[in-house]
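J.: Protein chains in written order, with my numbering: chain C, 485 to 800; chain X, 23 to 285; chain A, -14 to 370. Don't be surprised by glycine CBs; every beta carbon is placed ideally from N, CA and C. This one's a predicted model, so the numbers in the text were calculated from it and none came from an experiment. Mind looking over this structure? Questions follow.
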Amino acid sequence: MSVTGAPRPRRPWKGLGRPRGQPSSEARAALAPFLWLAVFFLIPFLLVAKLSLSDVVLAIPPYAPQLDWSDGLPGLIAFVRALDFEAYARMGQDGLYLAAYLSSLKFAAIATFILLLVGYPLAYGMAKCRPTVRQALLMAVILPFWTSFLIRVYAWIAILKPAGLLNMALEQIGLPPVDILNTDTAVYIGLVYAYLPFMVLPLYAVLERQEAGLLEAAADLGCTPFQTFWRVTFPLSLPGVAAGALLCFIPMVGEFVIPDLLGGSGTLMLGKTIWTEFFSNRDWPAASAVAIVLLATLVIPILLFQRQQTKMMEQR
Amino acid sequence: MRRGPSAFNIAAIVLGMGFLYLPIVLLVIYSFNESRLVTVWGGFSTRWYTSLFQNEQLLAAAWVTLRVAFVSATLATILGTLAALGLVRAGRFRGRTLFSSMTYAPLVMPEVILGLSLLLLFVSVGVARGFWTVMIAHTTLTLCYATVVVQARLVSFDEALEEAARDLGAPPWKAFTLVTLPNIAPAVAAAWMLAFTLSLDDLVIASFTSGPGATTLPIRIYSAVRLGVSPEINAISTLLIGLVATGVIAAYLLNMRRRTPGR
Amino acid sequence: MNGKPRLNIGAVRSSFAPWADPSAKPLVRFDQVTKRFGSETAVDAVSLDIYEGEFFALLGPSGCGKSTLMRMLAGFETPDLGRITLGGEDLAGRPPHLRPVNMMFQSYALFPHLTVAQNIAFGLRQQKKPKDEIAARVDEMLALVRLEGLAHRKPDQLSGGQKQRVALARAIAPKPRMLLLDEPLGALDRKLREETQFELMALQQRLGMTFLIVTHDQEEAMITADRIAVMRAGQLAQIGRPAEVYEAPNSRYVADFIGDVNLFEAKVTEDDGDIIRLVSPEAPDGLEAIEDDEIALGSTAWLAVRPEKMRVHLDPPPSGPNRLEGTVADIGYLGDWTTYLVELPGGRTIRAARANAARVVDRPVDWDDKVWLTFAPDSAVVLTR
């Protein structure tokens, strides 16, 4: 072939030439999803915030005050007056909430660290393979992500339970049985297992893009393979490390299914607390207050994640 | 990154893949176990699959789940494609930051928060919870995934193609349907599949937003799982995994063939 | 520019000059067209006429506004000020799909999901032409660009040169009033690019279609175009036939952008009608050039001399104006040409080029040789800006 590859034209002027206040047809196309998200994502959050200031009552729905628009402005004032921070106050007084909060952060942080230790070598190994093998391995990592989360967590119950497959295997090789199910260990195993694809994919994405020339240059300049890794490969993969860590840490803090199915009664996590307050105790204001606290904790990581996401999308 | 994998690399791959697949493989094997006891192999049998298809409750839940997934995935794909177009093509517009925040946030937002907030919305406007509320909730959740998938394709799509179509006499909407859409079709299909599977899979948000008569399969499985391991759940899990794996691998192979045309 | 017989060189179609005919109506007229992107002015009050049957080139470095000018004609950008007319009709408000011009894109923009034939038929389909007419026109186009056997290939099964020809055929097929070519050969390698330049020219002559090409490659513009407009920072620096722009640049910018040039900053000391004399510290015996226009005595001017118009001497030539002295700092052997970099006593380096007309030279010029450079007064151009 006698081409040097058609360059993509740069468009630095994109979106700048349009007179102000006159949206393009593409911006108008985005109006429908914009409205959808405003109604079904943004407004619901305001409702959670409002409800966290309400009191719990035995009624349907089980909270007060209720805003009644037919009363007009006085009704609104009375409504606002009746809001208070009682749900938050109860959270402060009950040590269980604080314990759940701290333990959620601890679970998420430790699991993220283990995920890095497990995911990095896997992603690194994948990136070293031949392209065809790489494609197949990538597929193999993505596949579990598509299969049911619930089912994958469930699969571990059969393995970890006292008369389960793990203990059966231990018995075969003459080792004493272990009692893991319904402990924190089981929760860690579940978290690492379920979130591994989320860690491997962003890591693999940055490692695969690294040029072989970089490693050869480092070696040429006198680095041993280990030094090359520490001084070239790893620093260059940090954006992937950050993306993977955020992608795992944020949802893990609010995880419900894993602590509920694999953890014990002593396993405290906020996702579980919200669920229990809501479904078992029917204390909707408390559930909302916990959700607001959880959200407030995650605001900074979520913003970091969004910035990274936007940057990656615009770089490509 | 050439020069082939070292022994350490291969060990990492083997262990990692083993960790990812061992539980699934065991689950599939034990779904064919004659014995009710999980740890005892009672011989090969498909009796749990037979009993599955006689379980009216489970079948009803499966039917609800498929309907919800189909409608919400379709809606999410349409909205997600529009959102991706806005994010990639529209350049700067008022509210762009808010818009991109709202599209990326649900990717990492803990599901309990999403579920709870949507439930409060439905309660406050007095909508009875059921099929439509789950559908709306799933559309909201999967919309952002669909956006990201289509966006990734649109970013690498040469806009000059659409300009060429307009230059050759096609009005804007025709340029989009004749040129852009056929070229991003694989990504749109992938977005739909991802949205469909996520909806099929979701337990937490469905638990908050569904009502009587709209119990989905994951809710049924969850309540069964809470009672302990049963071969029947293994069987339905195997079916679900098989279904998704076939779909994903087929889509992958199709995509591969498209990319390497015969010379 | 009249009354300069020495400029009548190398014009491809010297009889074709509609721009010199005051009664001729232009096909396209840009009238004081301005386009801003944010705070940046991409096109700054450009006025330009292009005539029926012309091969017109917009030449300039990237970011000079040449592409924007073309995109405004195609309808992809809207001018902030001024107007563009085609055949006397104002194009304002007309979307791209309703304009009778077609564009060949830099990236070719071939539709990857359609075959070669379907790509070529795309514009004809939009015109709602009958099926058999489309088929006939597609065949005609395939023959024109010599791609008869490839009608059913997809774009990714084509080589770069073939893609380029499909893009060309697709843009010509709907018979536009004017064909716009945006860096049409930028993606081809050198050899293929040269061949294709001549092909484009022949094609344009055969079709009698008006071509507007945008390019940053001066060679491409020189070879193909009847007239060249050199652009700089959104403005037109000079318009003219290739030979005019090369031999009689109107500014240092144009002289430097098109080809290599040696510039001497000098003071005008004498102007006796045709011949202007100047002094410069670099030329001990003074400088001399032929120039009709009057230049104020005592003002600063620049003498532009092309390297190939410099003569290199190993023995000192008789003293007189336009004589420089220096040592050979570097020699670039290009096969057909040799370029000598000669360092003047002041430290500046001057380029001189010599055609290698003979295989063996008695006394080759060597590194560090002391040499003298001379040039004829009619080889130099006096520039005042």
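By DSSP, does residue 462 of chain C sit in helix, in strand, or in coil?
T.: Nothing about residue 462 of chain C can be reported from this structure: the residues present for chain C run from 485 to 800 only.
J.: Relative to chain A, which residues along the segment 179 to 199 of chain X have a C-beta separation below 8 Å, given in chain order?
T.: Of all residues in the segment 179 to 199 of chain X, 180, 182, 183, 185, 186, 187, 188, 189, 190, 191, 192, 193, 194, 196, 197 have a Cβ within less than 8 Å of some Cβ in chain A.
J.: Report the neighbours of residue 205 of chain X on chain A: residues whose CB is nearer than 7 Å to its CB, in chain order.
T.: For this step, residue 205 of chain X is matched to residue 183 along the second sequence. Ordered by position in chain A, the residues that pass the 7 Å Cβ test against residue 205 of chain X are 97, 98.
J.: Here's the rule: buried if 16 or more other CB atoms are within 10 angstroms of the residue's CB, otherwise exposed. What is residue 693 of chain C?
T.: To locate residue 693 of chain C, count along the first sequence from 1; it is residue 209. So residue 693 of chain C counts as exposed.
J.: 8 Å is my cut-off, CB to CB: does residue 724 of chain C come that close to chain X?
T.: If you number the first sequence from 1, residue 724 of chain C lands on position 240. Output row for residue 724 of chain C: interface = no.
J.: Kindly indicate if chain A contains any beta-carbon less than 8 Å away from that of residue 201 of chain X.
T.: Along the second sequence, one-based indexing puts residue 201 of chain X at 179. Yes, its Cβ sits closer than 8 Å to a Cβ of chain A.
J.: If you reduce the DSSP assignment to three classes, tell me which class residue 2 of chain A lands in.
T.: In the third sequence, counting from the first residue as 1, residue 2 of chain A sits at position 17. Reduced to three states, the DSSP call for residue 2 of chain A is coil.
J.: At which residue ranges does the segment 142 to 223 of chain X contain complete alpha helix (DSSP H) runs of 4 or more residues, listed in the order of the chain?
T.: Taking only runs of at least 4 residues, the alpha helix (DSSP H) segments lying wholly in the segment 142 to 223 of chain X are 153 to 177, 181 to 189, 194 to 197, 203 to 223.
J.: Can you check DSSP and say which residues form a bridge with residue 298 of chain A?
T.: Counted from its first residue, the third sequence places residue 298 of chain A at position 313. Bridge partners of residue 298 of chain A: A/357.
J.: Provide the residue(s) that pair with residue 88 of chain A in DSSP beta bridges, ordered along the chain.
T.: Here the question's residue 88 of chain A lines up with position 103 in the third sequence. Note: residue 88 of chain A sits in a beta bridge opposite A/165.
J.: Is there at least one Cβ from chain X nearer than 8 Å to residue 536 of chain C's Cβ?
T.: As a working mapping, residue 536 of chain C is identified with position 52 in the first sequence. It does not: the Cβ of residue 536 of chain C has no partner Cβ on chain X nearer than 8 Å.
J.: Exposed or buried, residue 75 of chain X, counting other C-beta atoms within 10 Å across all chains shown (16 or more means buried)?
T.: On the second sequence, residue 75 of chain X is found 53 positions in, with the first residue counted as 1. Exposed, since its Cβ has fewer than 16 Cβ neighbours within 10 Å.
J.: For the alpha helix (DSSP H) holding residue 160 of chain A, just list the boundary residues, first then last.
T.: Here residue 160 of chain A is taken as the residue at index 175 of the third sequence, counted from 1. Residue 160 of chain A -> no alpha helix (DSSP H), and no H or E assigned at all.
J.: From which residue to which residue does the beta strand (DSSP E) around residue 247 of chain A run?
T.: Counted from its first residue, the third sequence places residue 247 of chain A at position 262. Start and end: 247 to 257.
J.: Listing by chain order, which chain C residues have their CB less than 7 Å from the CB of residue 219 of chain X?
T.: For the purposes of this step, residue 219 of chain X is taken as the residue at position 197 of the second sequence. Going along chain C in sequence order, the residues near residue 219 of chain X (Cβ under 7 Å) are 630.
J.: Alpha carbon to alpha carbon, how far is residue 668 of chain C from residue 525 of chain C?
T.: Position 184 of the first sequence, counted from the first residue, corresponds to residue 668 of chain C. Position 41 of the first sequence, counted from the first residue, corresponds to residue 525 of chain C. Cα to Cα, residue 668 of chain C sits roughly 33 Å from residue 525 of chain C.
J.: Identify the contact partners of residue 126 of chain X in chain C, using a Cβ-Cβ distance below 8 Å as the criterion.
T.: Position 104 of the second sequence holds residue 126 of chain X. 789, 790, 793, 794, listed in chain order.
J.: Under the assumption that residue 138 of chain X contacts residue 775 of chain C (Cβ atoms under 8 Å), give the Cβ distance between them as a whole number of angstroms.
T.: If you number the second sequence from 1, residue 138 of chain X lands on position 116. If you number the first sequence from 1, residue 775 of chain C lands on position 291. Between residue 775 of chain C and residue 138 of chain X the Cβ distance is about 5 Å, and since that is below 8 Å, they are a contact.
J.: In whole angstroms, what is the alpha-carbon distance linking residue 109 of chain X and residue 510 of chain C?
T.: Residue 109 of chain X sits at position 87 when you count from the first residue of the second sequence. Residue 510 of chain C sits at position 26 when you count from the first residue of the first sequence. Cα to Cα, residue 109 of chain X sits roughly 8 Å from residue 510 of chain C.
J.: Short of 6 Å in beta carbon distance, which residues of its chain neighbour residue 571 of chain C, apart from the five on each side in sequence? Order them along the chain.
T.: Here residue 571 of chain C corresponds to residue number 87 of the first sequence, with the count starting at 1. Same-chain partners within the cutoff: 536, 769, 770, 773.
J.: Is the separation between the beta-carbon of residue 221 of chain X and that of residue 95 of chain X shorter than 8 Å?
T.: As a position in the second sequence, residue 221 of chain X is number 199, starting the count at 1. As a position in the second sequence, residue 95 of chain X is number 73, starting the count at 1. Their beta carbons are under 8 Å apart, which means residue 221 of chain X touches residue 95 of chain X by this criterion.
J.: Which same chain residues, not among the five before or five after residue 655 of chain C, have their C-beta less than 7 Å away from its C-beta?
T.: Counting from one through the first sequence, the residue named residue 655 of chain C turns up at place 171. Excluding residues within five positions, the ones whose Cβ falls inside 7 Å are 661.
J.: So if DSSP puts residue 367 of chain A in a beta bridge, which residue, or which two residues, is it bridged to?
T.: Position 382 of the third sequence, counted from the first residue, corresponds to residue 367 of chain A. DSSP lists A/288 as partners of residue 367 of chain A.
J.: I think residue 169 of chain A touches residue 198 of chain A, with their Cβ atoms under 8 Å apart; what is that distance to the nearest whole Å?
T.: Within the third sequence, residue 169 of chain A is the residue found at index 184, counting from 1. Within the third sequence, residue 198 of chain A is the residue found at index 213, counting from 1. Right, the Cβ-Cβ distance comes to about 7 Å (below 8 Å), so this counts as a contact.
J.: Cα separation between residue 37 of chain X and residue 250 of chain X?
T.: What you label residue 37 of chain X is simply residue 15 of the second sequence in a count that begins at 1. What you label residue 250 of chain X is simply residue 228 of the second sequence in a count that begins at 1. Between residue 37 of chain X and residue 250 of chain X, the C-alpha separation is close to 28 Å.
J.: Round the Cβ separation of residue 54 of chain A and residue 43 of chain A to the nearest angstrom and send it over; I've been treating them as touching at under 8 Å.
T.: Residue mapping note: residue 54 of chain A aligns to position 69 of the third sequence, counting from 1. Residue mapping note: residue 43 of chain A aligns to position 58 of the third sequence, counting from 1. That pair is a contact at about 6 Å.
J.: I'd like to know if the segment 32 to 48 of chain X and the segment 591 to 611 of chain C are in contact, where contact means that at least 3 CB-CB pairs between them fall below 8 Å.
T.: A contact exists between the segment 32 to 48 of chain X and the segment 591 to 611 of chain C.
J.: With a threshold of 6 Å on Cβ separation, who are the neighbours of residue 301 of chain A within its own chain once the five nearest residues in sequence on each side are excluded?
T.: In the third sequence, counting from the first residue as 1, residue 301 of chain A sits at position 316. Excluding sequence neighbours, residue 301 of chain A sits near 357.
J.: Give the interface partners of residue 150 of chain X over in chain C, defined as CB-CB distance under 9 Å, in chain order.
T.: Here residue 150 of chain X is taken as the residue at index 128 of the second sequence, counted from 1. Under the 9 Å cutoff, chain C gives no residues; its nearest Cβ is about 12 Å from residue 150 of chain X.
J.: For residue 322 of chain A, name the three-state secondary structure that DSSP assigns.
T.: Sequence index remark: in the third sequence, residue 322 of chain A carries index 337 (1-based). If DSSP states are grouped into helix, strand and coil, residue 322 of chain A belongs with the strands.
J.: Does the segment 179 to 186 of chain A come into contact with the segment 213 to 230 of chain A, if we say contact requires no fewer than three beta-carbon pairs (one atom in each stretch) closer than 8 Å?
T.: No: fewer than three Cβ pairs fall under 8 Å.
J.: Report yes or no: do the segment 680 to 689 of chain C and the segment 50 to 66 of chain X share at least 3 C-beta pairs separated by less than 8 Å?
T.: Contact fails: fewer than three Cβ-Cβ distances are below 8 Å.
J.: For residue 120 of chain X, name the three-state secondary structure that DSSP assigns.
T.: Your numbering for residue 120 of chain X matches position 98 in the second sequence. Correct three-state label for residue 120 of chain X: helix.
J.: Report, in whole angstroms, the separation of the C-beta atoms of residue 308 of chain A and residue 359 of chain A, which I expect to be a contact under 8 Å.
T.: Taking the first residue of the third sequence as 1, we reach residue 308 of chain A at position 323. Taking the first residue of the third sequence as 1, we reach residue 359 of chain A at position 374. Correct: roughly 5 Å between the Cβ atoms.
J.: Less than 8 Å between the C-beta atoms of residue 98 of chain X and residue 217 of chain X, yes or no?
T.: For the purposes of this step, residue 98 of chain X is identified with residue 76 of the second sequence, where counting begins at 1. For the purposes of this step, residue 217 of chain X is identified with residue 195 of the second sequence, where counting begins at 1. Their beta carbons are under 8 Å apart, which means residue 98 of chain X touches residue 217 of chain X by this criterion.
J.: Find the residues of chain C that neighbour residue 211 of chain X, judging by a C-beta separation of less than 9 Å, and give them in chain order.
T.: Counting from 1 along the second sequence, the entry for residue 211 of chain X is found at position 189. None at all; the shortest Cβ gap to chain C is about 14 Å.
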